[in-house]
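With the sequence shown counted from 1, adding 5 to any position gets you the numbering used here. Note that CB positions come from ideal geometry on N, CA and C, so glycine has one too. Below: one structure, written as structure tokens.
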Amino acid sequence: MEYIVEKIGMSRTITNPSIAVTLLRVVNAKVCEVEGGKALVAYPKGKASNKCVAGQQKKYNLSAEYNRFATLEVANTEAGDLDETPLNEAKILKVSFNTKGRGYSGVMKRHNFAGGPASHGSR
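Dropping the structure here:
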């Protein structure tokens, strides 16, 4: 079962020694259609939408806030709300994210090149 989550921030546990934890929120998503264990899921993100998204919203009878679509693996076979009960029973979650990407950062950061001396007659 897959879910769409967004990162809220970082925190620490109260126990001794404290452990760094990542705070996540499960995004409210609606299953539009299911085919072979894969589902087309709509979720709200941002506010900009175009005519293509408006056509998909009309096709699946969604409100205007659901303006992003993704394909996920799901256990249920009918359209509707995404079931979150397996999350309550889970003890360990496997999470994978895509990085933001920061473009070309330069050779000093990318390849760990050292800068030359800043004084003593260097050019």
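query, result
"Identity of the residue in 34, 106 and 111 nearest residue 119 by Cα", "111"
"Beta-carbon proximity list for residue 79, same chain, < 6 Å, skipping 5 on both sides", "44"
"Neighbourhood of residue 49 by C-beta distance below 6 Å, restricted to the same chain and skipping five residues each side", "70 and 71"
"Residue 67 beta carbon less than 8 Å from that of residue 95", "no"
"For residue 32 and residue 10, believed in contact at Cβ under 8 Å, the rounded distance", "6 Å"
"Reduced DSSP category for residue 60 - H, G, I as helix; E, B as strand; rest coil", "helix"
"DSSP-derived helix/strand/coil call for residue 107", "coil"
"Beta-bridge partners of residue 44, as assigned by DSSP", "39 and 77"
"Cα-Cα separation, residue 97 to residue 74", "27 Å"
"Assigned secondary structure, residue 128 (DSSP; H/G/I helix, E/B strand, else coil)", "coil"
"Short Cβ contact (8 Å threshold) for residue 87 with residue 39", "no"
"Beta bridge counterpart(s) of residue 114 as assigned by DSSP", "DSSP, once it has assigned bridges, lists no residue as partnering residue 114."
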